[in-house]
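Structure record follows, encoded as structure tokens.
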Amino acid sequence: MANEKMLPAQEAAKIYHTNYVRNSRAIGVLWGVFTLCFGIITVVVFIQPYWIGDSVNTPQAGYFGLFHYCIGNPITSELVSVLMGMGCMIYPDGWDAPEVKRMCGERTDKYTLGNCTVRWAYILGIICILDAGLLSLLAFTLGNRQDNLLPEDFEVETGKESE
Numbered sequence: 001m002a003n004e005k006m007l008p009a010q011e012a013a014k015i016y017h018t019n020y021v022r023n024s025r026a027i028g029v030l031w032g033v034f035t036l037c038f039g040i041i042t043v044v045v046f047i048q049p050y051w052i053g054d055s056v057n058t059p060q061a062g063y064f065g066l067f068h069y070c071i072g073n074p075i076t077s078e079l080v081s082v083l084m085g086m087g088c089m090i091y092p093d094g095w096d097a098p099e100v101k102r103m104c105g106e107r108t109d110k111y112t113l114g115n116c117t118v119r120w121a122y123i124l125g126i127i128c129i130l131d132a133g134l135l136s137l138l139a140f141t142l143g144n145r146q147d148n149l150l151p152e153d154f155e156v157e158t159g160k161e162s163e
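Read in UniProt numbering, the sequence shown has 150 at position 150, and its numbers run on one by one without any break.
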């Protein structure tokens, strides 16, 4: 082990810089994929009426969801994640409404569905919260990385000295 040859500092710096650039590009691609998934999931969650719905024991068939649209704002993904989380936590507070009780039975109360079940759009909303949180972390990571070219003083030495 004592006879192992070590790389010159410039060559090692170039190798580390190449790995750094490749990894930062991979994080950028990952951020793009998660952003696309977030957009698709958000559209599906807000369009579909399947947040809660009937089950085998409900007195009436039906579904509930959100039937409105939101106008976009240039807000940060951290705020989107927090607000989507609050929306999914507050949404069950309305389960004691007369319409929900009529469909799901009298045992329905706030945060208790009675005979109804939580459907896939509500679960997708929860996945959307996790995706938005992950996107904000990836955006923070990408924002702190600098993808500059390797400075010229780190070029690999050829062993020849210029005269």
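For every residue, glycine included, the Cβ atom is placed at its ideal position computed from N, Cα and C.
Keep in mind the model is a prediction, meaning the values are calculated, not measured.
For residue j and residue i, believed in contact at Cβ under 8 Å, the rounded distance
i, j, result
"residue 96", "residue 108", "7 Å"
"residue 36", "residue 138", "With a Cβ gap of about 13 Å, residue 36 and residue 138 do not count as contacting."
"residue 78", "residue 24", "Not a contact, Cβ separation roughly 21 Å."
"residue 130", "residue 34", "That pair is no contact at about 10 Å."
Close-in-space but distant-in-sequence residues of the same chain around residue i (CB under 7 Å, 5 per side omitted)
i, result
"residue 128", "38, 41, 42, 45 and 84"
"residue 140", "none"
"residue 175", "One cannot answer for residue 175 here, as it falls past the ends of the chain, which runs 1 to 163."
"residue 132", "38, 77, 80, 81 and 84"
"residue 104", "58, 113, 114, 115 and 116"
"residue 126", "88"
Distance, residue j Cα to residue i Cα
i, j, result
"residue 98", "residue 27", "48 Å"
"residue 59", "residue 113", "13 Å"
"residue 56", "residue 19", "56 Å"
"residue 8", "residue 16", "12 Å"
"residue 89", "residue 11", "54 Å"
"residue 118", "residue 48", "13 Å"
"residue 100", "residue 106", "9 Å"
"residue 86", "residue 102", "26 Å"
Cβ of residue i within 8 Å of any chain C Cβ
i, result
"residue 106", "This model lacks chain C altogether, as it is built from one protein chain only."
Spatial neighbours of residue i in its chain, beta-carbon cut-off 6 Å, leaving aside the 5 residues before and after
i, result
"residue 111", "92"
"residue 71", "With a pLDDT of 37 at residue 71, under the threshold of 50, the predicted position of this residue should be treated as unreliable, though the coordinate-derived value follows. Counting only Cβ-Cβ distances below 6 Å, and skipping sequence neighbours, we find nothing."
Would the segment 41–59 count as touching the segment 115–123 if we require 3 or more Cβ pairs under 8 Å? yes
Kindly provide the ranges of any alpha helix (DSSP H) runs that are 4 or more residues long and lie completely inside the segment 88–138, ordered along the chain. 98–104
If we require 4 or more residues per run, which alpha helix (DSSP H) segments fall completely within the segment 6–48? 9–47
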